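One structure is given here, and the rest of the page talks about it.
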Amino acid sequence: MELRLLDGQQLYKAFIGGAKRLINDKHDLNRINVFPVADGDTGSNMAFLMQTIINEAKPSESVSDTLESIASASLSGSRGNSGIIFSEYLYGLYEHLRGKVTATIHDFSDAFRHASQKAYQAILNPVEGTILTVLRKASETEPTQTDFVTYFEDTLNVAKKALVETTDELAILKASNVVDAGAKGFTDFLEGIHHYFVTGEFEMTDIIHIEEAMEDIHVEDSEERYCTEALIMNSKKTSDELKQLFAQDGSSLIVSGRIDKTRLHIHTNHPDQFFYKLSEYGQIVEQKVDDMHRQLDAVRKAHPEIAILTDSIADVPADLMDKYQIHLLPIGLLVDDVPYLDKVTISSETFYKLLKKADHFSSSQPNQKQIERTLDFLLDHYKEVLVITVSSQMSGTYNAFMQYAKDHPEVKVFDSLQNSGAEGLVVLEAAKLVEAGKNTSEIVEKLNDFTKRTKIFVSVNTLKYMVKQGRVSKVTGIAAKIMNLKPVIGIDENGKGMIARKALSLNGNVRQILELVSKGKVSQYAIVHSEAEERANKLAQKIENITGLKPLYTMSISPVVSMNAGLGTIAVALTYENEVKI
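For our numbering, add 5 to where a residue sits in the sequence shown, where the first one is 1.
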């Protein structure tokens with residue numbers, strides 16, 4: 006069809022055609038993804054961006070209004086390097102065509118050049134031979150006629166030629182004999198637009214629904230461990246200012262959007278520091294962190310057929326998590342309306358600072374989308390997944406995982422009936438059994454016995470936080486405060502918190518813990534604490550004197566457990582050789 010003037014409805018249909026074409030090429034884009042990190046998710050990320058545009062963008066008679074809706078949706082759905090660059094490109098189109106009800110070929114030609122410049126400006130260190138190069142070269146296409154069909158055919162041919170040339174422009178692409186995945190995604194998008202202009206065909210019903218995915222094909226080593234993304238509202242800084250502020254905090258930094266809605270992407274070893282710093286400059290409304298090294302383990306490193314996945318309430322040191330390739334799904338934390346991912350975007354040390362000054366804290370179990378994304382990825386690389394959760398009596402995490410497992414028999418969910426260090430011991434025992442070659446049925450049978458012999462005894466400095474979070478009744482809290490009680494908190498055989506012993510001082514509290522430790526022969530133990538390292542080390546020494554064993558590890562408890570236990574808390578998690586009644 007010949008088209009010389011484009012309105013908002015036609016623009017919307019053309020862009021939906023482009024989105025559909027890209028979505029259909031998702032798997033091939035994942036397969037060829039090797040830059041900037043070969044994490045095999047460019048197709049998934051760009052398809053998710055397109056799906057978000059399809060779901061959220063609203064057509065209008067006005068080109069400007071339609072593009073504004075598309076640009077806003079794209080920022081919400083942008084993921085990964087290429088997705089965020091593409092989003093900034095779409096925003097650049099809107100920025101240049103703002104206020105226009107209809108647009109000519111020359112309007113779009115100018116808009117494409119402006120959008121290409123916006124995409125380059127979003128990146129701290131632009132690299133040629135990528136989607137950027139194809140965006141730029143395609144934008145340089147001069148209109149030879151006045152109809153959109155011819156113009157987009159010419160633009161598509163330029164983009165295809167530039168796409169082929171990316172193989173020789175980047176060494177990593179040449180070594181893998183592939184074109185740039187992001188650039189190919191953009192070319193797919195242009196193909197879909199061109200197809201609409203040629204045929205006039207438009208159909209919404211044949212769109213495949215795309216969920217946000219974590220997909221890996223051939224991960225390569227990266228100096229930075231975490232692929233980190235954030236969406237902030239009402240930024241106090243411009244995009245350029247944010248780029249300068251975070252320039253030294255990692256690599257692959259991209260800042261896209263505008264003051265009211267800004268997305269940041271960075272590869273960093275310290276996502277917790279990144280988010281703590283970012284919280285000063287805007288309201289964080291969304292965050293995502295992928296552990297690229299753990300993904301590498303799953304994809305390339307030899308591993309057992311069974312994956313171990315646990316929640317962040319399980320306190321296990323990072324070196325042991327790495328040794329046994331244990332996967333983590335963080336619990337959500339909300340601190341004065343700022344969201345965090347437990348142990349990932351907030352460290353224990355940072356949380357201690359916030360605990361002293363913040364007014365409101367709450368936690369949330371992983372949502373179904375996070376669970377599906379994580380387990381779908383693991384099932385791509387393992388035959389089975391054993392999920393070990395915090396006690397179902399303390400959190401809905403167990404039930405949330407069971408929602409997925411009921412339709413996936415290869416996923417087994419085990420209720421640890423524990424939390425913190427005790428849950429950590431259960432997780433480590435499971436990992437050792439996997440390493441020993443046991444199958445899931447054997448592991449679950451052994452864990453059932455193991456959990457009965459595993460206990461945790463907690464010395465809390467105050468019940469204030471437990472009362473605040475509803476873990477202990479207000480009446481109990483008031484009584485304890487009046488009487489200056491320093492209770493020892495434990496967990497009963499059903500996985501519920503209980504007061505195991507009572508004391509009138511912290512010293513008496515520790516004596517009660519040592520009596521509990523002495524009730525049976527201890528095979529192993531771990532010490533955990535909340536900003537109380539000195540007390541924790543003294544407790545470890547006392548227990549070593551009793552058992553003749555050094556602690557398996559000593560570490561800070563997770564922020565979400567600190568939220569309930571409070572500062573100054575110390576605890577011993579231990580396993581008796583035989584079951585002991587407390």
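C-beta: ideal position from N, C-alpha, C; glycine also.
All of these numbers come straight from a predicted model, not from anything done at the bench.
Nearest to residue i (by Cα), restricted to the options the options
i	options	result
residue 572	546, 541, 34 and 585	541
residue 144	129, 125 and 131	125
residue 338	505, 277 and 264	277
residue 30	517, 86, 197 and 16	197
residue 100	445, 345 and 73	73
residue 16	206, 458 and 393	206
residue 172	91, 158 and 187	187
residue 254	244, 270 and 242	270
residue 79	348, 454, 59 and 13	59
residue 85	566, 332, 49 and 102	49
residue 95	81, 454 and 107	81
residue 25	36, 175, 37 and 56	56
residue 292	160, 346, 249 and 266	346
residue 381	357, 360, 368 and 410	410
residue 282	265, 302 and 252	252
residue 536	383, 356, 445 and 581	356
Anticipated Cβ contact below 8 angstroms, residue i with residue j, distance rounded
i	j	result
residue 232	residue 297	6 angstroms
residue 545	residue 532	5 angstroms
residue 430	residue 578	6 angstroms
residue 348	residue 286	Going by Cβ atoms, the distance from residue 348 to residue 286 rounds to 23 angstroms, so no, they are not a contact pair.
residue 315	residue 418	Going by Cβ atoms, the distance from residue 315 to residue 418 rounds to 11 angstroms, so no, they are not a contact pair.
residue 583	residue 506	Rounded, the Cβ-Cβ distance is 21 angstroms, inconsistent with contact.
Euclidean distance between Cα positions of residue i and residue j
i	j	result
residue 526	residue 390	32 angstroms
residue 342	residue 288	9 angstroms
residue 208	residue 11	19 angstroms
residue 442	residue 309	8 angstroms
residue 215	residue 112	Any answer about residue 215 is weak, because its pLDDT of 49 lies below 50 and its placement is not dependable; what the coordinates show is given next. Rounded to whole angstroms, residue 215 to residue 112 spans 32 angstroms at the Cα level.
residue 530	residue 262	50 angstroms
residue 9	residue 27	25 angstroms
residue 220	residue 375	Note that residue 220 scores a pLDDT of 43, beneath 50, so its modelled location is shaky; the value from the coordinates is reported in the next line. About 13 angstroms.
residue 468	residue 370	23 angstroms
residue 556	residue 239	47 angstroms
residue 237	residue 318	27 angstroms
residue 18	residue 136	23 angstroms
residue 148	residue 330	55 angstroms
residue 300	residue 379	11 angstroms
residue 23	residue 195	6 angstroms
residue 324	residue 558	10 angstroms
residue 34	residue 401	37 angstroms
residue 203	residue 295	41 angstroms
residue 274	residue 256	10 angstroms
residue 415	residue 521	39 angstroms
residue 279	residue 350	8 angstroms
residue 515	residue 406	36 angstroms
residue 158	residue 377	40 angstroms
residue 223	residue 387	Residue placement at residue 223 is flagged as unreliable, the pLDDT there being 39, under the threshold of 50; a coordinate-derived value is accordingly withheld.
residue 456	residue 340	32 angstroms
residue 109	residue 246	34 angstroms
residue 92	residue 83	6 angstroms
residue 87	residue 249	21 angstroms
residue 104	residue 69	5 angstroms
residue 120	residue 334	37 angstroms
residue 201	residue 77	23 angstroms
Extent of the continuous beta strand (DSSP E) to which residue i belongs
i	result
residue 16	Where residue 16 is concerned, there is no enclosing beta strand (DSSP E), although the alpha helix (DSSP H) it sits in stretches over 13–29.
residue 399	That residue, residue 399, is in no beta strand (DSSP E); it is neither H nor E in DSSP.
residue 540	Residue 540 -> not in any beta strand (DSSP E); alpha helix (DSSP H) instead, spanning 538–552.
residue 263	256–263
residue 504	502–506
residue 46	Segment: none, residue 46 is in no beta strand (DSSP E) and carries neither H nor E.
residue 345	343–346
residue 125	Segment 110–126 is the alpha helix (DSSP H) holding residue 125; no beta strand (DSSP E) there.
Residue range of the unbroken alpha helix (DSSP H) whose run includes residue i
i	result
residue 386	373–386
residue 207	Neither: residue 207 is in no alpha helix (DSSP H) and is coded neither H nor E.
residue 282	276–283
residue 349	Where residue 349 is concerned, there is no enclosing alpha helix (DSSP H), given that its DSSP letter is neither H nor E.
residue 141	136–144
residue 165	153–174
Inset, instruction - Assess, as a yes-or-no matter, whether the stretch 394–402 is touched by the stretch 410–424 under the definition of 3 or more beta carbon pairs within less than 8 angstroms. - result: The stretch 394–402 and the stretch 410–424 touch, with three or more beta-carbon pairs separated by less than 8 angstroms.
Legend entry - Any 3 or more C-beta pairs closer than 8 angstroms across the stretch 228–243 and the stretch 185–202: no
Legend entry - the stretch 167–177 / the stretch 123–143 touching (three or more Cβ pairs under 8 angstroms): yes
Inset, instruction - Assess, as a yes-or-no matter, whether the stretch 304–321 is touched by the stretch 117–136 under the definition of 3 or more beta carbon pairs within less than 8 angstroms. - result: no
Inset, instruction - Determine contact between the stretch 427–446 and the stretch 310–322, defined as no fewer than three beta-carbon pairs at a distance below 8 angstroms. - result: yes
Inset, instruction - Specify whether the stretch 489–498 and the stretch 454–466 touch according to this definition: at least 3 beta carbon pairs, one from each stretch, less than 8 angstroms apart. - result: yes
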